Structure formats: structure tokens, C-alpha cells
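If you read the protein sequences in the order shown, they are chains A and B.
Under the numbering used here, the first sequence has 40 at position 40, and the numbering climbs by one with no breaks.
Under the numbering used here, the second sequence has 3 at position 3, and the numbering climbs by one with no breaks.
Just so you know, even glycine gets a beta-carbon here, dropped at the ideal spot from N, CA and C.
Predicted, not measured: the structure shown is a model, and the values here were computed from it.
See structure below.
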Amino acid sequence: MPSLLFYLFALITLGFGLMVVLARNPVTSALSLAMSFVGLAALFISLDAFFIGTIQILVYAGAVMVLFLFIIMLLDIKAESDRKTNVAAIVGAIVLGSVLAVQIATVSAVHHQSDLTLNEAALNLVAAGNQMAATDKDLPTISKDLKAGILPDTKLMGLALFKQYGFHLQVMGLLLMVGTVGVVVLSKRDKEVAQ
Amino acid sequence: MITLSHYLIVSGILFALGLAGVVARRNIIIIYMCLEMMLSAANLTLVAFSRFHVLAGLPDYSAQALVFFTITVAAAEVAVGLAIIVALYRSKQSVEVESVTKLQG
Chain A
1 MPSLLFYLFA
11 LITLGFGLMV
21 VLARNPVTSA
31 LSLAMSFVGL
41 AALFISLDAF
51 FIGTIQILVY
61 AGAVMVLFLF
71 IIMLLDIKAE
81 SDRKTNVAAI
91 VGAIVLGSVL
101 AVQIATVSAV
111 HHQSDLTLNE
121 AALNLVAAGN
131 QMAATDKDLP
141 TISKDLKAGI
151 LPDTKLMGLA
161 LFKQYGFHLQ
171 VMGLLLMVGT
181 VGVVVLSKRD
191 KEVAQ
Chain B
1 MITLSHYLIV
11 SGILFALGLA
21 GVVARRNIII
31 IYMCLEMMLS
41 AANLTLVAFS
51 RFHVLAGLPD
61 YSAQALVFFT
71 ITVAAAEVAV
81 GLAIIVALYR
91 SKQSVEVESV
101 TKLQG
């Protein structure tokens, strides 16, 4: 049953991904990309990454795609006409894409852990909980969850982010602020050009 | 059963689709969406490796922290990129790549 769900969501991700590339109308592309991201979020959740799956839906399928649709509708972009189809670019894209796909498939086939299944790489939550209870006495909630057999994904994510990657997180905050300022500067209409 | 290579192949095909879209399409907004698809394919690889690399009974959360940062960078990149596209549309009245050839010489 889980393998059936994997194939279903992989098909959703890749099928709508193909629609993004093939669709003539930009609105169709944007909505297909949103669906593709929903399928990808389901694949993340099948890998026990609940937090990443949730922010994939919230940030990508929610915020980013709304921004794309907003810009498409604001600029009123029409579908591409068939007349100007660039055959060389399309052939190049197909060749480049298939070469890359074959390359990645070959590399993943010879990777030493590529035959590992999810059952073989099982998580040992109780042992991790006991270990965490022994080493980290300040964090009883995580070890309590782990001992009860629950994976507290968001709590562990927060622990990794704030304990190991605190500086990186602050750099990300700075990046978001620089991005906001950059968008304001770019969107400001130049007075001399406007006149 | 589903193995690590299943996830890697799905991610590889998704990346290849995005790459093909970037090369073949002429609409800048669709090129941008294909770039987002390629970033997401890389995220899928990272999450797959994180889950299959079990550290002390838990997934490797360093990889998932990297995915979190990638998603943040992608969101900031989309905001700045779309602002550039809007500014470009203001001066060229078009979002086709053929309308921007000033640097071609």
C-alpha cells in the first residue's frame, strides 16, 4: 500500500511537472506547478519529513504560486503563439533533459545505499528517546515524545535549527530583509523615466 | 518496496523536466517556474538522503535544515525575480526572452 501511494504521488509530481513545461497558457503552467508541489509535499511526508512537507505546501504551493499567478494576471500575459516555435531549443531541451535523467538514474543505481528500503532504514525512536533523555536533560518534551513512539519532527527540526544552525538562521533573516528592500527599490518608479 | 533509488530517480526526472523547460520555453515567467521545479527536485534528493541516513535512530536533521534554508532562499529569490520581471515588462511591454537582447552585442 505505501508503495502504491509512492507511485501515485510520483505520478502527480512528474505529470503536472510535464504540464508546466508543455502548457501554452501561463496560468495553466502556474496551476500545474502548484499541483506538482502538492504531490512533492506528499513525497516529503512519506519520508517522515512532516515539517518540510508542511512548509512546502505553505510557502511554495501557497505564497510563491499566489505571487506567480498575481504577476501573470497583473501583466495580462497571453498564451504563446504556435508560429514562433524554436525547434532547435526544443530538440536541445529534450536531449539535455534525457541525458541528465539517464545520468542521474545510472548514478543512483550504483550508489552503495540505493537498494535500501524504508523498512531496512527503520527509525529507532525509543532508543533515540532514551539517548536524548540521558544527554539532554533540559528538553523533556522531545524525549517524552520519542519514548512514546511518536516522531516529534517539528521539535527536532527546531532543535537542529537553533542549536546547530543558529547563525545560519540569522543570515537567512538578513537575506529576507535584503530581499524585501531590493523588491521595494526595484518596484519604485524612477521619476525621470516616468515624466 | 520503495528504495532510495526510487526517490532519486523521481527527483532526477523532475530536475530534467525543469532543465528542459528552462532551455525550451521563451516566456520568462515559465522559465522562472521551471527554476523553482529544479530547486524542489534538489530538495527531494536532500530529504530522501536525510531519511535513509539514520543517525542514532533518527533521520539526519542537518539535511532537512538545509532544505529549510533552500526554501527560504527560493522564496526571497522569487520575490526579487518577479520584481525584475515587472520592471522589465514596464520598459519592454513583453515577457518573451527575445525582447531582451541588449547584451547580445
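Pick out whichever of the options has its Cα sitting closest to the Cα of residue i.
i      : options                        : result
L67(A) : V97(B), A63(B), G12(B), G81(B) : G81(B)
T70(B) : C34(B), A83(B), A42(B)         : A42(B)
L5(A)  : V20(A), N25(A), L47(A)         : L47(A)
A88(A) : L8(B), A20(B), V86(B)          : A20(B)
A23(A) : N119(A), K78(A), Y7(A)         : K78(A)
Could you name the residues of the same chain whose beta carbon sits closer than 8 Å to that of residue i, not counting the 5 residues immediately before and after it, in chain order?
i       : result
G175(A) : Residue 175(A) is actually Leu in this sequence, not Gly. No residues qualify anywhere along the chain.
D136(A) : I142, S143
M33(B)  : G21
L169(A) : L161, F162
L151(A) : D48, F50, L123, L125, D145
Name the two residues that bound the continuous alpha helix (DSSP H) containing residue i.
i       : result
V185(A) : 166-187
Y61(B)  : 61-92
G149(A) : Premise fails: G149(A) is in no alpha helix (DSSP H) and is neither H nor E.
Y7(A)   : 2-22
V110(A) : 87-110
M73(A)  : 65-75
Taking only three categories from DSSP, how would you classify residue i?
i       : result
G120(A) : Here residue 120(A) is Glu; the residue named in the question, Gly, does not match the sequence. Note: E120(A) maps to coil in three-state DSSP.
L47(A)  : coil
N27(B)  : strand
L103(B) : helix
L139(A) : coil
Could you round the C-beta distance between residue i and residue j to whole angstroms and report it? I think they count as a contact, below 8 Å.
i       : j      : result
V38(A)  : I72(A) : Incorrect: roughly 19 Å between the Cβ atoms, too far for contact.
R26(B)  : E98(B) : 7 Å
A42(A)  : F9(A)  : 4 Å
Q164(A) : S62(B) : 7 Å
I2(B)   : S3(A)  : 5 Å
A74(B)  : L39(B) : 5 Å
Spatial neighbours of residue i within its chain, please: C-beta separation below 7 Å, excluding the five flanking residues on both sides.
i       : result
L40(A)  : T13, Q56
I28(B)  : I85, V95, V97
G129(A) : S143, L146, K147
Between which residues of its own chain and residue i is the CB-CB distance below 6 Å, once the five residues before and five after are set aside?
i      : result
G53(A) : A41, F44, I45
V20(A) : S29, S32, L33
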